[in-house]
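Trainee:
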Amino acid sequence: DSEDTKHDEL
Amino acid sequence: MNVFRLAGDMTHLLSVVVLLLKIHTIKSCAGISLKTQELYAVVFAARYLDLFVHFVSLYNTVMKLVFLASSFSIVWYMKRHKIVRRTYDKDHDTFRHYVLVLPCLLLALLINEKFTFREVMWAFSIYLEAVAIFPQLVLLQRTRNIDNLTGQYVFFLGAYRVLYILNWIYRYFTEPHFVHWISWVAGIVQTLLYADFFYYYIMSWKNNVKLELPA
Chain A
17 DSEDTKHDEL
Chain B
966 MNVFRLAGDM
976 THLLSVVVLL
986 LKIHTIKSCA
996 GISLKTQELY
1006 AVVFAARYLD
1016 LFVHFVSLYN
1026 TVMKLVFLAS
1036 SFSIVWYMKR
1046 HKIVRRTYDK
1056 DHDTFRHYVL
1066 VLPCLLLALL
1076 INEKFTFREV
1086 MWAFSIYLEA
1096 VAIFPQLVLL
1106 QRTRNIDNLT
1116 GQYVFFLGAY
1126 RVLYILNWIY
1136 RYFTEPHFVH
1146 WISWVAGIVQ
1156 TLLYADFFYY
1166 YIMSWKNNVK
1176 LELPA
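If you read the sequences in order, they're chains A and B. In terms of the working numbering, the numbers along the first sequence are unbroken and rise by one, the last being 26. In terms of the working numbering, the numbers along the second sequence are unbroken and rise by one, the last being 1180.
1. Is the Cβ-Cβ distance between leucine 1004(B) and leucine 1093(B) less than 9 Å?
2. Using a Cβ-Cβ cut-off of less than 9 Å, give me the residues of the stretch 969-991 of chain B that come near chain A, in sequence order.
3. For a contact defined as C-beta to C-beta under 7 Å, what are the partners of histidine 1145(B) on chain A?
4. Which residues in the same chain as isoleucine 1048(B) place their Cβ atom closer than 6 Å to its Cβ, once the five residues preceding and following it in sequence are excluded?
5. Taking tyrosine 1053(B) and leucine 999(B) to be in contact with their CB atoms under 8 Å, please state how far apart those CB atoms are, rounded to whole angstroms.
6. Check whether the Cβ atoms of leucine 1178(B) and leucine 1105(B) sit closer than 9 Å, and answer yes or no.
7. Check this for me: beta carbons of histidine 1057(B) and threonine 1108(B), under 9 Å apart or not?
8. 9 Å is my cut-off, CB to CB: does valine 1085(B) come that close to chain A?
9. Closest Cβ-Cβ distance between tyrosine 1005(B) and chain D: below 9 Å?
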């Protein structure tokens, strides 16, 4: 979901 | 992961390697702003709280740990190492932390994706990262002789931001749910802060003269 795409970045 | 994102992460890593090289082998942190380094340590500590909650990938976890460990060790070197700390240009590194930290914290409390502790801290870290380079740029302006490693350090940091924007553009067109206004707006602001530096860096490289920023 949206949260994951955000936290996969550094 | 797309090629822009990987290249962005690698230039970010390279900037840290260049800085550690300067500190570790030359035993000097001349021209490096401790204020900026402390702000980066805060940025990573606030953003990587998700290390305890999410597992994204081994790459992700390792990179987060590398950025956390390197930022805290750079601060340690500059404050505590008996040789390195003597090269710190304290008199010119006068920017106050709270001028940047407080507005970012306030903004994060007001503008976030969700009003939870982790999401507020995430937004705070994004805002703070956008402006954390400020004390470093101010110090560069006050430094007469900017050495090559310091110039390269800031250049790689700026390159990382440019590549992340290209990564977001790519992800926007390839991933249907990828919309994060907070990181995009803050990221663009952050990249613009480097524009001036880039101009003088490229000019000095083209004309083969020493880098110097006008006061």
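Backbone N, C-alpha and C define an ideal beta-carbon position, used for all residues, glycine too.
Mentor: By the coordinates alone:
1. yes
2. Arg970, Gly973, Asp974, His977
3. Lys22
4. Lys992
5. 6 Å
6. Cβ distance < 9 Å, so leucine 1178(B) and leucine 1105(B) count as in contact.
7. yes
8. no
9. Any reference to chain D falls outside this structure, whose protein chains are A and B.
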